[in-house]
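Notes to accompany the following structure.
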Amino acid sequence: MTTSSIAVLIIAVAMAAPAWAQESVGEPMQRKATEASADRLLDDALLSSPEKRAEAQALLGQAPPTTGDRDEMGAAHYKRGLAALQLGRQSQVVSEMGKAAELLSHPGERSDAHYYQGQAMLNIGQWAKAIPVLQAANRDEQAPSSVMRNLALIAEQYGKLGNMEGASATLKDCQAQSGRMVSMQAETRNPTFSTWRRVNLMRCEIALHAAQGQVAEIEPLMRKVIAAYEDAPNTRNTYVVGNRYQQLAENLRAQDKLAEAENEARTALAIFQRTVGPASQRTGAALQALGRIIAEQGRVKDGEALARKGLDVIQAAGLNGNGTPRVIIADILAMDYRWKDAREQFEMVRKANADDPETFEGIARRDPNYPLALLKTGSPDQALGYFNSSYDTLRAKLGDGAYATAQARGLMGAALAALGRGGEALAHFQAAVPVLTAQDDEEDQETGNRARDQKLRLILESYMDLLTSSRGVAQAAGIDPVAESFRLADGARGRSVQRALAASATRAAADNPAVAHMARRAQDVEKQMAALSGLLANAISARAEDQDGDAIEGLKKRIAALRAERADTMKQIAAKFPDYARMLNPQPFTVADVQAKLRPAEAMLAFYSAEERLYAWAIPASGAAGFASAPLGRIDLEAKVKHLRDALDLSVSGIDEIPDFDLKTASDIYTAVIAPTEAAWTQAETLFTVPHGPLGQLPLALLPTRPVVAAAVKTAAKPAAGPLFAKYRDVPWLARKAAIAQLPSVGALVTLRALPERHTPRRSFIAFGDPLFSKEQALEAAGDGSALATRGVKRRSAPKPNPDFTSDLGQLPRLPDTAEEVKSIAAVLGAEPDQDLFLQARASEAMVRKTDLSKWRVVMFATHGLVPGDLTGLDQPALALTSPEVSGDGSSGVLTMERIMGLKLDADWVVLSACNTAAGEGSGAEAVSGLGRAFFYAGARALLVSNWPVETISARLLTTDLFRRQAADPQLSRAQAMRKAMLGLMDGPGPLDGAGKEQFVYAHPTFWAPFSLVGDGG
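The letter at position 44 of the sequence shown is residue 513 when you use our numbering, and the numbering goes up by one with no holes.
Right under this line is the structure:
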């Protein structure tokens, strides 16, 4: 858990004292007994006013007394500690309260001073040091509930440190104290005592689970804590419940259940807004917590906006916010590769803590985004110092085989490469990368996958840049730079979708009890290893004096034992279920692996979109591989692709409004990285392409293979004579040069070509289309033709994009025109409508799952493709099907990636003819959605997927012609059939008006290029 991870759990404690302690800093100290738990902190309505803060500043500006009565001096330091607390000066709170505890003679007053000293230590990450201080508070504490509260706090610190023995012993103390409280019968006089007792006991149980890395087991206990608070009269409808919902959200985040985490974080935010107001610091912290969760979902801009708003609220409440709140913003900016902005935020934190440099250094030790920001903004020498220190610490504590050590070493390599020390960098990369790219490491299931994967990409990209820009360094070490960089790129692609596939594969295996049991156990062990690894990383990143050596050794032993258990389980799975094992742990493929599967007249073009460059590899069926790179960074490439797509998927009201396609920009992309590799693939008739990053949003078939003259660009859309768009027929599209089949990964070709030949007779075609998403749509189903028609053009509706809105199924727009497309293909392939077509109410998820789809060669879903967040609670890619309120068959309404993997297919084609089905899952996500890879796992050889909301008539003509050509010539490959259908539409006639005149032709790429063939094009 990073510094930012713990912020939400402790920020409420950081800035306010309990109500009984909020007295004028000039008055004598008077302790008032309290039975409150640690959660019962001052409401924000009672936070210190500007006058109180000024009074606190004045007090701290005075010299403390050095002579006189010990209790009077102790009381003075105690008051100074409260003043520091009001101003958020946590280190000063530790100092003042420590002095107070040494001087005060009254046990209760000493207990209070130790309690505040311990709380302040927690707020600056000194968890190990805080434990004996809180234990000292308990030795003097007389109030039973306060003893329980302190025990819960102590147990929670043992949990953060991974000290299972300490957490277990504290739980026993807590259980004993609970028994004593019950025997005292105080709860009969004050039922609230029962709530605090039960809640603090559960907090101790939660802490033990945390120490054991059992993140999933914590969730039900947290929900019980919430239920207890919601049931108690004095906490019901208070911010205390919000605190616990916020902690639940953090637990769900730790489980990588980001959709559920968002829901609980929103609940916490609503409670804070209702109970302490929108201007409270708790509301600000909740906004930041929600922003971080949303950013980790991939919605970085929205997450940043929420986090910044949260910081504004925190600062408006009188707190400086130049600690964890600003670090959260810096981390979100780093997710978006905005290194300059991230560094500015870190530097503001550094300056704000100039009088306490250790606080900032603690942040820098735990958060690698700061040295990364240094590296990426021209200070690699400073970054190297941090990475080197981290590597030395991790290597001494964990050894070179640990993921955390390898990550630090890889980042060292990146810094050395930036400093021009290529030989040293290469040695570090060669040692670190094999550990980092192993698919079975425990880190792969840890929370913060996006951030960790980003660091892996940065390391691999630096390594690739070193190999390809300084080939002499690589060759001197006996490395083929082209082959090695190709292998590295394959390892870097696809990790986020691969993780989701692995999780879904585990659940999809439920119909095989043997593999399901072993797979679930492997997954449980992975999660436990990930949680313990996070605890260990925090423990060894602390200062030496803050470390718990016994706990660190205990964590290392438990992780080693779990790693051995997982390895044994995976060995059994590999022996008994090899296909399943390959799905869980795919390995990077080499140039030789690819060439072994390519047939004559085939080649592969693979891409990698790095932060600063675009790479391309061309692999022919035999001979030397080609390579090219261009200084076209990910952000610039994304802008170019977005610009090109603006002319492709823009909703228009008339045919005349379709924009010109920017042929120059498209040609520039081809010229930059594809043209230099032509020698390796120019003889190929079929190109397998493996796009990456923004290129996954653009079918490569529509790239011109040579620059188009300016005159043609200006007149391509509407020439002086002839139908609209006719000039596009003269553009030298890549589609005219070769057939193209897209792959989700390099390994997909190897896997698909290893499948056995099919000999079982199958029916020709089955389709599910025109689903009804609400009762209202069902009532309107008889009135088809609702799509807008202008001069013969119909665009299919798409869900309205709004990053802060999750839609209900019933709000999705219907796609009535898909029924005509389904019927056209059915007629071409000789399907029987009654048996093979499932439209409207019959297009349900339950119908899909109960149908034996292995009996059909072509399986079609004509509906919306969804990505996480499109619907409330949707946390994986899915297809939208008929609402259960319409089908009445118990359907869920969506066919998720997990359900798809549980299907049994034997399909030559799966057609996903919908709105933007082929879209990746956000910036930097996979080129093809996880839906495609799930269908491959289920048994499909190839997919036909749409890249943008298609025009109805041209889409029907294109798909129908594709299958007509394959039916007429069974020897025609899928890729060639697709190419011929595209060229036929491009060069063929367009629609006629009432006078028999051709209105326009389908030569604009928005008509002929909306579909991609994904999979085996043979």
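Glycine is no exception: its CB is placed at the ideal position from the N, C-alpha and C atoms.
DSSP, reduced to helix, strand and coil, places Trp665 within a helical segment of the structure shown. With respect to the 8 Å criterion, Ala1331 and Leu1374 are not classified as neighbours on the basis of their beta carbons. With contacts defined by Cβ atoms closer than 8 Å, Ile928 and Gly882 form a contacting pair. Val745 and Ile783 have their C-alpha atoms spaced approximately 13 Å apart. When secondary structure is reduced to three states using DSSP, Ser954 falls in the helix class.
Here DSSP, grouped into helix, strand and coil, assigns Phe1130 to coil. Beta-bridge partners assigned by DSSP to Glu1467: Leu1461.
Per DSSP, Ser1423 lies in no beta strand (DSSP E) segment; the continuous alpha helix (DSSP H) that holds it begins and ends at Thr1421 to Ala1437. Between the C-alpha atoms of Leu529 and Ala553 there is a straight-line separation of about 7 Å. Contact check for Thr1428 and Val1380: beta-carbon distance about 7 Å, within the 8 Å limit, so the pair qualifies.
In this structure, the beta-carbon distance from Gly760 to Ile801 falls below 8 Å. Sequence-distant Cβ neighbours of Leu844 in its own chain, meaning closer than 7 Å and more than five residues away, are Ala852, Ala883, Ala884 and Ala887.
When Leu1308, Arg1326, Leu1364 and Ser1415 are compared, the shortest CA-CA separation from Leu1343 is found for Leu1364. For Leu1172, the closest of His1161, Lys1206 and Arg1368 by C-alpha to C-alpha distance is Lys1206.
Unbroken alpha helix (DSSP H) stretches of 4 residues or longer found wholly inside the region 709-766: 727-744 and 750-765, given in chain order. Secondary structure at Glu816: helix, using DSSP grouped into helix, strand and coil. With respect to Ala1170, Ala1087 sits apart: the two C-beta atoms are not nearer than 8 Å. In the three-state DSSP reduction, Trp808 falls in the helix class (H, G or I).
When rounded, the separation of the alpha-carbon atoms in Asp1017 and Ile593 is 16 Å.
A direct Cα-to-Cα measurement between Gly1095 and Ala1075 gives close to 10 Å. Glu765 and Gly772 have their C-alpha atoms roughly 8 Å apart.
In terms of CA proximity to Gly790, Arg751 leads the group Asp805, Ala1446 and Arg751. The three-state secondary structure of Arg878, taken from DSSP, is helix. By the Cβ neighbour-count rule, Arg768 is buried, with 16 or more other Cβ atoms within 10 Å of its own. Counting along the chain, Tyr1077 sits inside the beta strand (DSSP E) bounded by residues Glu1071 to Ser1078. Boundaries of the alpha helix (DSSP H) harbouring Gly1023: Gly1018 to Lys1045, taken from the DSSP string. The beta carbon of Lys521 sits closer than 7 Å to those of Gln555, all from its chain and outside the five residues before and after it, given in chain order. In terms of Cβ geometry, Met998 and Arg962 do not form a close pair [threshold 8 Å].
Listed as beta-bridge partners of Val1483 by DSSP are Gln1211 and Leu1412. Secondary structure at Trp1417: coil, using DSSP grouped into helix, strand and coil. Pairing Leu1193 with Met1329, the inter-Cα distance amounts to about 32 Å. Excluding sequence positions up to five before and after Leu620, its CB lies within less than 8 Å of the CB of Asn607, Thr639, Asp642, Cys643, Gln646, Asn669 and Cys673, all in the same chain and listed in chain order.
Excluding sequence positions up to five before and after Val1142, its CB lies within less than 8 Å of the CB of Phe1076, Leu1083, Tyr1084, Ala1085, Ala1097, Ser1098, Ala1099 and Leu1101, all in the same chain and listed in chain order.
Closest in C-alpha terms to Pro1168, from the list Ala1478, Gln595 and Ala833, comes Ala1478. For Asp581 and Val562, the gap between their C-alpha atoms comes out near 12 Å.
Between the alpha carbons of Leu1350 and Lys726 lies a distance of about 24 Å.
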